[in-house]
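Written out below as structure tokens is the structure these notes cover.
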Amino acid sequence: MIEEPYIKKIAIVGLGPKGLYGLERLLANLAQVEIPAPIEIHLFNKSDSFGAGDIYNPAQPSYLLMNYVNGHINMWPDQKPKPAVPHPKSYVEWLIDQQEEFPTANAYTFSSRATVGRYLSEGFEELLHACPDEVSILKHVGDVVDIAKNGDDYKIFYRDSSIGFAKEVHGFQNILIATGHPCVNDSESLSQDNYVDFIYPVAQRLGNIPAGNKVAIKGMGLTFIDAVLALTEGKKGKFEKEENGSLSYIKSGLEPEIIYPFSKSGLMMFPRGNTFDTPTHIPYYFREESFEFIEPLDGKFDFERQILPFIEQEFTAVFYSRKFNEKGSELKLSRDFTEVESQIESFHEHYPATEKFDFHSFLAEPVSGKELNKSTREAIHKNILEAEIGVEKSASAATADLWRHLSEFFNKLYKFGGLKPQSQKVFLEKYAGHLNRISYGPPIENMKKIEAIAKAGLIDFSFSHNPEITQSTKYSLFIHGKEEIHVDYLVDARIPKIQLHRCPGEFYGNLLEKELITPYVNRLEGRLDFRPGCLTINEKGHPLDDTGFDNESITFAGTPTEGLTYDNDTLSRKRNDFVSGWARDLAEHCLNMKPESQFTSNTY
């Protein structure tokens, strides 16, 4: 073995936004200290889209839009230490520099994901140029498939994209893992030629579906909208604006004959308009003070018994505050909610034609009846109109937007096993999806496109509400009381959730086998356990073994932590921020590095 100077080696696995934020914080912290020995930072990403990752890849089509208004986007944090780059720019400031290319873009509009990806990629390049002399950054393109203990260090195995087989890199003392979604939704169907398990990148995954075919799409969220646009606008279809502000769709002849969407609920997301610079909602009922005298049961909360009542009160108060304003009056809030209910009862006596608000119906009332296609399109049109009125005036839009303001406090109650096991299961299966559906929907423009495509006869919602699916040569959809229909392709337009106990994928499967991670189990003595699918970590993101020992050499961030945390918004710098602490601790550790020569393994 050759004696070499000691080199601190750090790896970041996954260079989408969370990995990028980790790199940014690490360089910011290292810029504040005198580095006693060389540092190598190795970046592993499955594509060459470093900084943006697959979701924000700059090469994707421009019709794939953000559901996050421009003014909220900033890859540079407002915290110490300041970023290492000399002139960090928010996304809006960056857009101003590109004004010739994006003349109508501002803080209140929505961008394409590709444009946001360019911003993130350029920020990544700025970080490379701002790197201290003692720090080297090395990029590796390919899927990381395994990590193994190698003496006191770790080695990483990845499938190099340029040569198609696995390589390994040795000598890592610290690894940040920010891999995103690790598995597919339905591994048993992967061998079917007419099944598409994941729609991204859309041009490659959906481009081979022939014109004139019948296509069923599973899932009716944001990914469904992207899939439909890829099969229409991506097939050279065009939109024209009508005098009333709606859109009409002009067929190219390259589209499928018909698209049949479906999901468990059969409900579309609520569209949303600009939320930047709108007044921040300050919760009156669902807030910390309401829980001062509410004790967790056996150390954990019961969601439906202890948390949901305050959420329902907050939703009811917001809805009726707007309805009262419409009639020129004011809803007077009170800690005693019966006083609010009395005002609401009196309001309906005076205005009997005004719709009554029911939280559960608002959240998840299925579109019913024989005319599913007609009623779903009517609901889409109504929600577009409410979103255009805006959250400050529309009771429906304000109520739909509310969860965005409440979820941060909810995360404090929820994270790291804050709910009883079966109560967490109930929340995830019965409430979480619907809360996301109403609050994190697409921009109005995209929902208008879906409406136009449906009006053009290319989308049929007749089988949208939880049909039975069978498969022989073709897939078949069946709802009781309707004639069975057959389709040529089935597209899964859901984002897969981490499920270590069911579908870990190759990388996480290998980590499980080597016992570098363990599946998280929400336990409470005398109650049924619940496995949300994530791994067990502590509050710093370090994985824990069965004895509770934490491995400080490895840190997880983002999607793999979902289940012990809630709502890992990809672009949020603050929500479930594991990377800032990781970078700070690592920079402090680097101060203690010994610069004298030590025996180290070769890099490759």
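Just so we're aligned: the sequence shown equals residues 511 to 1114 in the numbering used here.
Cβ coordinates follow ideal geometry from the N, Cα and C atoms, glycine included.
These numbers were taken from a predicted model, which means no experiment stands behind them.
Cβ pair residue i, residue j closer than 8 Å
{"i": "Leu1054", "j": "Thr1065", "result": "no"}
{"i": "Gly951", "j": "Arg1083", "result": "no"}
{"i": "Val655", "j": "Arg669", "result": "yes"}
{"i": "Phe468", "j": "Leu923", "result": "The shown model of the chain, from 511 to 1114, leaves out residue 468, and the question about it has no answer."}
{"i": "Asn956", "j": "Leu540", "result": "no"}
{"i": "Pro1014", "j": "Cys1044", "result": "no"}
{"i": "Gln934", "j": "Asn1078", "result": "no"}
{"i": "Val1089", "j": "Val725", "result": "no"}
{"i": "Ala1003", "j": "His944", "result": "no"}
{"i": "Gln570", "j": "Ala624", "result": "yes"}
Alpha helix (DSSP H) segment containing residue i, residue limits
{"i": "Ala897", "result": "882 to 899"}
{"i": "Pro1014", "result": "Where Pro1014 is concerned, there is no enclosing alpha helix (DSSP H), given that its DSSP letter is neither H nor E."}
{"i": "Phe834", "result": "818 to 836"}
{"i": "Tyr999", "result": "Looking at the DSSP string, Tyr999 is not in any alpha helix (DSSP H); the run it does join, the beta strand (DSSP E), is 999 to 1002."}
{"i": "Asn1102", "result": "Asn1102 -> no alpha helix (DSSP H), and no H or E assigned at all."}
{"i": "Asn539", "result": "527 to 540"}
Reduced DSSP category for residue i - H, G, I as helix; E, B as strand; rest coil
{"i": "Asn684", "result": "strand"}
{"i": "Asp736", "result": "helix"}
{"i": "Gly652", "result": "strand"}
{"i": "Ser672", "result": "coil"}
{"i": "Ser456", "result": "No answer is possible for residue 456: it lies beyond the span of the chain, which begins at 511 and ends at 1114."}
{"i": "Arg797", "result": "coil"}
{"i": "Leu987", "result": "strand"}
{"i": "Thr942", "result": "Thr is not the amino acid found at residue 942; the sequence shown has Ala there. Looking at Ala942 - three-state DSSP - the assignment turns out to be helix."}
{"i": "Lys510", "result": "Since the first residue of the chain shown is 511 and the last is 1114, residue 510 is not available in this structure."}
{"i": "Gln1108", "result": "Residue confidence is low: Gln1108 scores 41 on pLDDT, short of 50, so the model does not pin down where it sits. No coordinate-derived value is stated."}
{"i": "Asp663", "result": "strand"}
{"i": "Ala905", "result": "helix"}
{"i": "Lys922", "result": "helix"}
{"i": "Val949", "result": "For the record, residue 949 in the displayed sequence is Ser; it is not Val. The answer is helix: DSSP assigns Ser949 an H, G or I state."}
{"i": "Thr1046", "result": "coil"}
{"i": "Gln507", "result": "Outside the displayed range of the chain (511 to 1114) lies residue 507, so it cannot be described from this structure."}
{"i": "Gln932", "result": "helix"}
{"i": "Phe786", "result": "coil"}
{"i": "Met511", "result": "Because Met511 sits at a pLDDT of 42, beneath the cut-off of 50, its placement in the model cannot be relied upon, and the point is left open."}
{"i": "Pro1006", "result": "coil"}
{"i": "Thr1113", "result": "Any answer about Thr1113 is weak, because its pLDDT of 39 lies below 50 and its placement is not dependable; what the coordinates show is given next. Three-state result, Thr1113: coil."}
C-alpha distance - residue i paired with residue j, whole-angstrom precision
{"i": "Leu1038", "j": "Gly1073", "result": "17 Å"}
{"i": "Glu805", "j": "Arg815", "result": "12 Å"}
{"i": "Tyr861", "j": "Ile854", "result": "10 Å"}
{"i": "Phe867", "j": "Asn893", "result": "16 Å"}
{"i": "Glu1106", "j": "Asn1048", "result": "With a pLDDT of only 47 at Glu1106, under 50, the local geometry of the prediction cannot be trusted, and no value is derived from it."}
{"i": "Lys1007", "j": "Glu849", "result": "42 Å"}
{"i": "Glu644", "j": "Ala1067", "result": "26 Å"}
{"i": "Glu611", "j": "Trp604", "result": "12 Å"}
{"i": "Leu916", "j": "Thr909", "result": "11 Å"}
{"i": "Leu1021", "j": "Asp564", "result": "23 Å"}
{"i": "Glu896", "j": "Lys728", "result": "26 Å"}
{"i": "Glu534", "j": "Arg1085", "result": "16 Å"}
{"i": "Lys1024", "j": "Lys659", "result": "9 Å"}
{"i": "Gly1130", "j": "Ile647", "result": "Coverage of the chain is limited to positions 511 through 1114, which leaves residue 1130 absent and any answer about it impossible."}
{"i": "Leu764", "j": "His791", "result": "46 Å"}
{"i": "Gly809", "j": "Pro593", "result": "40 Å"}
{"i": "His1052", "j": "Leu1081", "result": "22 Å"}
{"i": "Pro587", "j": "Tyr629", "result": "15 Å"}
{"i": "Lys959", "j": "Leu929", "result": "39 Å"}
Boundaries (first-last residue) of the beta strand (DSSP E) holding residue i
{"i": "Asn956", "result": "No beta strand (DSSP E) holds Asn956; the alpha helix (DSSP H) holding it covers 954 to 965."}
{"i": "Thr1065", "result": "1064 to 1066"}
{"i": "Glu750", "result": "748 to 751"}
{"i": "Val523", "result": "518 to 523"}
{"i": "Ala726", "result": "724 to 728"}
{"i": "Tyr759", "result": "757 to 760"}
Test: residue i CB closer than 8 Å to a CB of chain B
{"i": "Glu875", "result": "Among the chains of the structure shown, chain B does not appear; only one protein chain is present."}
Within 8 Å, do at least three Cβ pairs link the region 959 to 966 to the region 677 to 693? no
With a threshold of 8 Å, are at least 3 pairs of Cβ atoms found where one atom belongs to the region 621 to 638 and the other to the region 560 to 576? Yes: at least three Cβ pairs fall under 8 Å.
Taking contact to mean 3 or more Cβ pairs, one atom from each stretch, closer than 8 Å, check whether the region 969 to 985 and the region 767 to 777 are in contact. yes
Pair every Cβ in the region 611 to 629 with every Cβ in the region 575 to 584, then say whether three or more of these pairs are closer than 8 Å. The region 611 to 629 is in contact with the region 575 to 584.
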